[in-house]
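Novice: Submitted below is the structure of interest, expressed as structure tokens.
There are 2 protein chains.
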Amino acid sequence: MKLYDGGRAPNPRRLRIFLAEKGIEVPLVPIDMGAMEHKSARITALNPLQRLPILELDDGTILTESVAISRYFEEMHPEPPLFGVGALGKAMVEMWNRRVELYLMAAITAAFRHTHPAMIEWEVPQVPAWGEANRPKALQYMKIMDDQLGRNEFIAGSRFSIADITLLVATDFLKPAKLQIPEELEHLRRWHVAVSGRPSAKA
Amino acid sequence: MKLYDGGRAPNPRRLRIFLAEKGIEVPLVPIDMGAMEHKSARITALNPLQRLPILELDDGTILTESVAISRYFEEMHPEPPLFGVGALGKAMVEMWNRRVELYLMAAITAAFRHTHPAMIEWEVPQVPAWGEANRPKALQYMKIMDDQLGRNEFIAGSRFSIADITLLVATDFLKPAKLQIPEELEHLRRWHVAVSGRPSAKA
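If you read the sequences in order, they're chains A and B. Each position in the first sequence, counted from 1, maps to that position plus 1 in the working numbering. Each position in the second sequence, counted from 1, maps to that position plus 1 in the working numbering.
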């Protein structure tokens, strides 16, 4: 088994944090996304979508998408459960992971990729108006996260889950997008300090 | 239990098809998205993201996000399994569901919402350049789906899954986006005819 890893990019980091929380070590194959190596023929042959991370099993089976790879490891190594416990608990984790990823993380990513000069080769075509349209959306979604964290220790309830990993990666990605957690969102700030202090956050 | 339903919109339809495949009946509360009722105070109180579908359990617990609600029903009623079987099977369904949703369906939705005059109140602000940028992406992703369907009966392998439901809803949404499945993508066309013929497709 080996994991083609993309370094500092958000999705490879999501999976590394997940593995660190599980205590699972997988040999990494570093891929230099700064040098556009994820668009190389070698990576394209593994994932036609040219995205990382990519897990290659010993029999050559390829799995892509950080959440799908995480679910594979959750099934193989259920403890600690990071996708929730019980029918409702699993659905709640899925709901919050999607709310974070599809709204907040997508808005931050669009703001970054469509306005940052370094992303011109990555996002073809860059549409600066779309990037700018996403800045107020990111703020609106952070408010929803803050409300939830005012009632719960973690984003999907009382237990740390993959949705917290997605939220950590998303909020850490505010900086390159030239955004920040507003001062008044005190619950989101409290949560960010707490989750950033977990050993897995360094992964 | 009751399900706030959004009629013809893609995400409410995904869940209705899922329930039809499971043979589960849930009382529906119709919400008129054409009249922007999903932005009403009543719906906002249930889902601050103002999106449908919304499941309300008998104890008042609220679940949103069609895939999260589907997972709740999968856990409560495992047969037939629509999220895959076994660790690798579940991961493969998750991978393909995400590939369809995050790339193909997202591209089709952006093409529709950012260019169609009827969507001006829905997508604020509309960014027509972003809509146009997504048309070639939709074609590129359809080619990847076609390649997979040239090797497999269904999109995640030999078994019908939630990823097929997402792909059906996405490809049926090509029409309002003024796109279509290209003639040469014969595997995707074969699959579309077959899946459209299932009784659940009428849901």
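Using N, Cα and C, we set each Cβ at its ideal position, and we do this for glycine too. Predicted model, so just to flag it, every value in this text is computed and none were measured.
Given that A:A108 touches chain B, what residues does it touch there, using C-beta distances under 9 Å?
Specialist: For the purposes of this step, residue 108 of chain A is identified with residue 107 of the first sequence, where counting begins at 1. Per Cβ cutoff of 9 Å: no residues; A:A108 is ~12 Å from chain B at best.
Novice: Report all residues from its chain with a CB closer than 7 Å to the CB of A:L29; omit the five preceding and five following residues, and keep chain order.
Specialist: As a first step, residue 29 of chain A must be located in the first sequence, where it is residue number 28. Excluding positions up to five away in sequence, the list reads L4 and D6.
Novice: Looking at B:M2 and A:E66, is the spacing between their C-beta atoms short of 8 Å?
Specialist: For the purposes of this step, residue 66 of chain A is taken as residue 65 along the first sequence, with counting starting at 1. For the purposes of this step, residue 2 of chain B is taken as residue 1 along the second sequence, with counting starting at 1. Cβ distance not < 8 Å, so A:E66 and B:M2 don't count as in contact.
Novice: Give a yes or no on whether 8 Å exceeds the smallest Cβ distance from B:A171 to chain A.
Specialist: For the purposes of this step, residue 171 of chain B is identified with residue 170 of the second sequence, where counting begins at 1. For B:A171, the answer is no, since every Cβ of chain A falls outside 8 Å of its Cβ.
Novice: When we look at the beta-carbon of A:P13 and count the other beta-carbons within 10 Å, is it buried (16 or more) or exposed?
Specialist: Looking up residue 13 of chain A in the first sequence gives position 12. So A:P13 counts as buried.
Novice: Which residue comes first and which comes last in the beta strand (DSSP E) that contains A:Y5?
Specialist: Walking along the first sequence from the start, residue 5 of chain A turns up at place 4. Per DSSP, A:Y5 belongs to the beta strand (DSSP E) from K3 to D6.
Novice: What do you get for B:M37, buried or exposed, if any count of 16 or more other CB atoms within 10 angstroms of its CB means buried?
Specialist: Here residue 37 of chain B is taken as the residue at index 36 of the second sequence, counted from 1. Result: exposed.
Novice: With a threshold of 8 Å between beta-carbons, can B:P11 be considered close to chain A, or not?
Specialist: Taking the second sequence and counting its residues from 1, one reaches residue 11 of chain B at position 10. No, B:P11 does not count as interfacial toward chain A.
Novice: Suppose only complete runs of 4+ residues qualify. What are the alpha helix (DSSP H) ranges in the region 129-154 of chain B, listed by chain order?
Specialist: 129-150
Novice: Could you name the residues of the same chain whose beta carbon sits closer than 7 Å to that of A:A178, not counting the 5 residues immediately before and after it, in chain order?
Specialist: Here the question's residue 178 of chain A lines up with position 177 in the first sequence. Contacts found: I109, A112 and F113.
Novice: Considering Cα atoms alone, identify which of B:E122, B:F155 and B:E133 is closest to A:P126.
Specialist: The residue labelled residue 126 of chain A in the question sits at position 125 within the first sequence. With distances taken between Cα atoms, A:P126 lies closest to B:E133.
Novice: Under 8 Å between C-beta atoms, does B:M143 make it to chain A?
Specialist: As a position in the second sequence, residue 143 of chain B is number 142, starting the count at 1. False, the Cβ-Cβ gap to chain A never drops below 8 Å.
Novice: Determine the extent of the beta strand (DSSP E) in which B:V30 is found, giving its start and end residues.
Specialist: Walking along the second sequence from the start, residue 30 of chain B turns up at place 29. Run containing B:V30: L29 to P31, per the beta strand (DSSP E) assignment.
Novice: So with Cβ pairs under 8 Å, would you call A:W123 a contact of chain B?
Specialist: In the first sequence, counting from the first residue as 1, residue 123 of chain A sits at position 122. Output row for A:W123: interface = no.
Novice: Check A:T65 in the structure and name its three-state DSSP category.
Specialist: For the purposes of this step, residue 65 of chain A is taken as the residue at position 64 of the first sequence. Strand.
Novice: Beta-carbon of A:L47 versus every beta-carbon of chain B: anything under 8 Å?
Specialist: Along the first sequence, read from residue 1 onward, the residue named residue 47 of chain A stands at position 46. No, A:L47 lies away from the interface with chain B (no Cβ there is under 8 Å from its Cβ).
Novice: Does A:L56 come out as helix, strand or coil in the three-state DSSP assignment?
Specialist: Here residue 56 of chain A refers to the residue found at position 55 when the first sequence is read from its first residue. In this structure, A:L56 counts as strand in the three-state DSSP scheme.
Novice: Taking the CB atoms as reference points, tell me whether B:P54 and A:I145 lie closer together than 8 Å.
Specialist: Start at 1 with the first residue of the second sequence, and residue 54 of chain B comes out as number 53. Start at 1 with the first residue of the first sequence, and residue 145 of chain A comes out as number 144. No, these two residues do not count as a Cβ contact at 8 Å.
Novice: Evaluate A:M77 with the Cβ neighbour count: other Cβ atoms within 10 Å of its Cβ, from every protein chain shown; 16 or more gives buried, anything less gives exposed.
Specialist: Within the first sequence, the letter at position 76 stands for residue 77 of chain A. Exposed: under 16 other Cβ atoms inside 10 Å.
Novice: Can you look up A:G85 in the DSSP assignment and give me helix, strand or coil?
Specialist: Start at 1 with the first residue of the first sequence, and residue 85 of chain A comes out as number 84. A:G85 falls in the coil class under three-state DSSP.
Novice: Quick check: what's the CA-CA separation for A:W123 versus A:A107?
Specialist: On the first sequence, residue 123 of chain A is found 122 positions in, with the first residue counted as 1. On the first sequence, residue 107 of chain A is found 106 positions in, with the first residue counted as 1. Answer to the nearest angstrom: the Cα atoms are 15 Å apart.
Novice: Just confirm the distance between the C-beta atoms of A:Y142 and A:L105, as a whole number of angstroms; I'd bet it's less than 8 Å.
Specialist: As a working mapping, residue 142 of chain A is identified with position 141 in the first sequence. As a working mapping, residue 105 of chain A is identified with position 104 in the first sequence. Right, their Cβ atoms sit about 4 Å apart.
Novice: Give every residue of the same chain whose Cβ lies closer than 7 Å to the Cβ of A:T172, excluding the five residues on either side of it in the sequence, and list them in chain order.
Specialist: Within the first sequence, residue 172 of chain A is the residue found at index 171, counting from 1. These residues qualify, in order along the chain: I182 and H193.
Novice: Is B:L64 close to chain A, meaning its C-beta is less than 8 Å from at least one C-beta of that chain?
Specialist: Locating residue 64 of chain B in the second sequence gives position 63, counting from the first residue. For B:L64, the closest Cβ of chain A is nearer than 8 Å.
Novice: Might you give, ordered along the chain, the residues of its own chain that have their beta carbon closer than 7 Å to the beta carbon of A:V94, omitting 5 neighbours on each side?
Specialist: Position 93 of the first sequence, counted from the start, is the residue given in the question as residue 94 of chain A. These residues qualify, in order along the chain: F84, G85, A157, S162, I163 and A164.
Novice: Round the Cβ separation of B:T167 and B:R9 to the nearest angstrom and send it over; I've been treating them as touching at under 8 Å.
Specialist: The residue you call residue 167 of chain B lines up with position 166 of the second sequence. The residue you call residue 9 of chain B lines up with position 8 of the second sequence. Not confirmed; about 16 Å, so no contact.
Novice: Going by DSSP, which residues form a beta bridge with B:G24?
Specialist: Position 23 of the second sequence, counted from the start, is the residue given in the question as residue 24 of chain B. Answer is none; B:G24 lacks a bridge partner.
Novice: When the cut-off is 8 Å and only beta carbons count, does B:A178 lie next to chain A?
Specialist: On the second sequence, position 177 is the one that residue 178 of chain B refers to. So, not an interface residue.
Novice: Interface residues of chain B around A:M96 at Cβ under 7 Å?
Specialist: In the first sequence, counting from the first residue as 1, residue 96 of chain A sits at position 95. What A:M96 touches in chain B: L64, T65, E66 and A69.
Novice: Relative to chain E, which residues along the region 13-42 of chain A have a C-beta separation below 9 Å, given in chain order?
Specialist: Looking at the structure shown, chain E is missing, and the protein chains on hand are A and B.
Novice: Let me see if you follow: with CB-CB separation under 8 Å, is A:R99 close to chain B or not?
Specialist: Mapped onto the first sequence, residue 99 of chain A falls at position 98. Output row for A:R99: interface = yes.
Novice: With 16 other CB atoms within 10 Å as the buried threshold, where does B:I25 fall?
Specialist: Position 24 of the second sequence, counted from the start, is the residue given in the question as residue 25 of chain B. Note on B:I25: under 16 other CB atoms within 10 angstroms of its CB, so exposed under the neighbour-count rule.
Novice: Strictly by DSSP, which residues pair up with A:G35?
Specialist: Within the first sequence, the letter at position 34 stands for residue 35 of chain A. Answer by DSSP bridge pairing: none, since A:G35 is not bridged.
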